[in-house]
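Written out below as structure tokens is the structure these notes cover.
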Amino acid sequence: MNEINKKRLFYASCTALLVTAMTFAIRARLETVFGPEGVGLTLEQIGYAFTPAFWGFTLAMLFGGPLVDIIGIKKITWIAFIMHAIGIVWTIMAKDMSSLFIATLFVGIGNGMVEAALNPMIASMYPENKTKMLNRFHVWFPGGIAIGGVMGWLVMDVMELSWQVMVGVLFIPLVIYAFMFLGQKFPVTERVQLGVSTSNMFKSLGKPLFIFMAVCMMLTAASELGTTQRIESLLKESGTVPLLVLVFINGIMAFGRAFAGPVIHKLSPSGMLLFSAIFTFIGLWLLTITSGGMIFAAAAVFAVGVTFFWPTMLGFVAEYLPETGALGLSIMGGLGMLSVSIVLPIMGKLMDEASAHEALRTMSILPAILIAAFIGLFIYMKNRKTKTIKE
2 MNEINKKRLF YASCTALLVT AMTFAIRARL ETVFGPEGVG LTLEQIGYAF TPAFWGFTLA
62 MLFGGPLVDI IGIKKITWIA FIMHAIGIVW TIMAKDMSSL FIATLFVGIG NGMVEAALNP
122 MIASMYPENK TKMLNRFHVW FPGGIAIGGV MGWLVMDVME LSWQVMVGVL FIPLVIYAFM
182 FLGQKFPVTE RVQLGVSTSN MFKSLGKPLF IFMAVCMMLT AASELGTTQR IESLLKESGT
242 VPLLVLVFIN GIMAFGRAFA GPVIHKLSPS GMLLFSAIFT FIGLWLLTIT SGGMIFAAAA
302 VFAVGVTFFW PTMLGFVAEY LPETGALGLS IMGGLGMLSV SIVLPIMGKL MDEASAHEAL
362 RTMSILPAIL IAAFIGLFIY MKNRKTKTIK E
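According to my numbering, the stretch in the sequence shown is residues 2 to 392, in order.
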């Protein structure tokens, strides 16, 4: 068997995450296709049709997390490929709420399996630089959303081609990541390397610090993805092109994650999370009071806030709670996506009955709670570090 080619595996992982991210951008664009002015679904119905992308993701991560340790990273990765392929084909054939729901479920499971397999693989390959490399890996989530957003705009708005063509473009990165993973040797997970037993792994999931981070993950993910996934409806009356605002937000996020190293060096993970919560709150509040070109300024503040949320939450758990293993990372990601599945219909209902501004104001409550939570985390981690030094 060949030696592990870390560089090829890392780039293949980035391409797989690119597919995951592009599905988010395409789904945001499909909101207008299947909405009141298209197929005729209400915004609340679309919210429900899109929820499997998130709770399907959650189920895939919760089942895939422990399976990664048992059957290996390689098999979970190929399951992700199969689910992605089925989901893309089904999306192209979708005609109503039911078929869109099923297609979204397969895509969600594929996305979840990608994260279930590849987050622990990267943590295992780069044990000394977990948070840094997870941030670099997650460059391709906002990067993929930006690419998918531009592609959707070009295909549907500039070239005026069908939405099925836009969805079909997903086959390009899908085939590329399959080829890059083909024939490669995969590493074992860090928990297997450390020899942590399954019983100790499950016990570690009950630690107060892990439970606290899991709850915070739900709030950080909902703040970021709940907002960006419904960008078309939220900014429909803002005087801008919502999909281009989405591209702008994710371009900033990709840039920030690509150069996360110096930021990580200056700020601790807990400090980064507090910084992120403050900027996310300010950004969401600004989006409720601006319009026209100023939407981009507000979106920039929001983007700076959410840039480090997801990878730093995972990096924190991988760094300070490694005994939770692949399951710990999967629970974090799974709960994050589950929270988004909860807020999407709520946001849709608010927009149907109240307004987009009301939905944004309601969403701003989440980072406000996180500011208080991460102030506490920052103080706790600082005191723990001081205690460790004294000992």
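The beta carbon of each residue, even a glycine, is placed where N, CA and C say it ideally should be.
Since the model is a prediction, treat every value here as computed from it, not as a measurement.
Does the Cβ-Cβ distance between residue i and residue j come in under 9 Å?
{"i": "Pro-312", "j": "Thr-132", "result": "yes"}
{"i": "Pro-323", "j": "Glu-225", "result": "no"}
{"i": "Val-170", "j": "Val-151", "result": "no"}
{"i": "Gln-46", "j": "Met-126", "result": "no"}
{"i": "Val-307", "j": "Thr-199", "result": "no"}
{"i": "Ser-342", "j": "Phe-107", "result": "no"}
{"i": "Met-218", "j": "Ser-340", "result": "yes"}
{"i": "Ile-250", "j": "Phe-317", "result": "no"}
{"i": "Asn-120", "j": "Gly-334", "result": "yes"}
{"i": "Glu-238", "j": "Pro-270", "result": "no"}
{"i": "Met-348", "j": "Gly-48", "result": "yes"}
{"i": "Thr-78", "j": "Ala-22", "result": "no"}
{"i": "Ala-26", "j": "Leu-101", "result": "no"}
{"i": "Tyr-178", "j": "Ala-299", "result": "no"}
{"i": "Val-34", "j": "Ala-223", "result": "no"}
{"i": "Val-246", "j": "Ile-296", "result": "yes"}
Alpha carbon to alpha carbon, how far is residue i from residue j?
{"i": "Leu-244", "j": "Gly-293", "result": "14 Å"}
{"i": "Ile-123", "j": "Ala-357", "result": "38 Å"}
{"i": "Gly-153", "j": "Glu-32", "result": "12 Å"}
{"i": "Leu-275", "j": "Ala-301", "result": "18 Å"}
{"i": "Leu-10", "j": "Lys-186", "result": "9 Å"}
{"i": "Leu-183", "j": "Ala-360", "result": "44 Å"}
{"i": "Leu-288", "j": "Arg-362", "result": "9 Å"}
{"i": "Gly-88", "j": "Gly-41", "result": "22 Å"}
{"i": "Asn-6", "j": "Ala-13", "result": "11 Å"}
{"i": "Lys-350", "j": "Val-69", "result": "38 Å"}
{"i": "Trp-1", "j": "Arg-28", "result": "Residue coverage of the chain in this structure runs from 2 to 392, which leaves residue 1 outside it and unanswerable."}
{"i": "Val-197", "j": "Phe-82", "result": "29 Å"}
{"i": "Glu-38", "j": "Asp-353", "result": "14 Å"}
{"i": "Met-181", "j": "Asn-201", "result": "35 Å"}
{"i": "Cys-15", "j": "Phe-58", "result": "18 Å"}
{"i": "Val-248", "j": "Leu-19", "result": "14 Å"}
{"i": "Glu-392", "j": "Asn-130", "result": "A caution first: Glu-392 carries a pLDDT of 49, below 50, which makes its placement in the model too unreliable to give a value."}
{"i": "Ile-110", "j": "Leu-206", "result": "23 Å"}
{"i": "Gly-1", "j": "Ile-74", "result": "Missing from the structure shown is residue 1; the chain here goes from 2 to 392 and no further."}
{"i": "Thr-24", "j": "Val-176", "result": "15 Å"}
{"i": "Thr-228", "j": "Glu-4", "result": "42 Å"}
{"i": "Leu-315", "j": "Tyr-381", "result": "18 Å"}
{"i": "Val-90", "j": "Lys-383", "result": "50 Å"}
State the start and end residues of the unbroken alpha helix (DSSP H) segment that holds residue i.
{"i": "Ser-198", "result": "Per DSSP, Ser-198 belongs to no alpha helix (DSSP H) and is neither H nor E."}
{"i": "Leu-244", "result": "243 to 259"}
{"i": "Ile-72", "result": "53 to 72"}
{"i": "Glu-359", "result": "357 to 364"}
{"i": "Phe-282", "result": "270 to 288"}
{"i": "Thr-24", "result": "7 to 35"}
Distance cutoff 9 Å, beta carbons only. Does residue i sit that close to anything in chain B?
{"i": "Tyr-321", "result": "Checking the listed chains, one finds no chain B in this structure; it contains a single protein chain."}
Cβ contact check for the region 60 to 69 and the region 100 to 116: 3 or more pairs under 8 Å:
With three or more CB-CB distances shorter than 8 Å, the region 60 to 69 counts as touching the region 100 to 116.
Does the region 229 to 236 come close enough to the region 264 to 281 to have 3 or more Cβ pairs within less than 8 Å?
Counting C-beta pairs closer than 8 Å gives fewer than three between the region 229 to 236 and the region 264 to 281, which falls short of the contact rule.
Stretch pair the region 239 to 256 + the region 137 to 150: three plus CB contacts closer than 8 Å:
Yes, the region 239 to 256 touches the region 137 to 150.
Let me know the alpha helix (DSSP H) ranges lying completely inside the region 99 to 162, each 4 residues or longer, listed in chain order.
Fully enclosed alpha helix (DSSP H) runs of 4 or longer: 131 to 138, 141 to 153.
Say whether the region 369 to 380 touches the region 84 to 98, bearing in mind that this needs 3 or more beta-carbon pairs closer than 8 Å, one atom from each stretch.
Between the region 369 to 380 and the region 84 to 98, the count of C-beta pairs closer than 8 Å stays below three; the two stretches do not touch.
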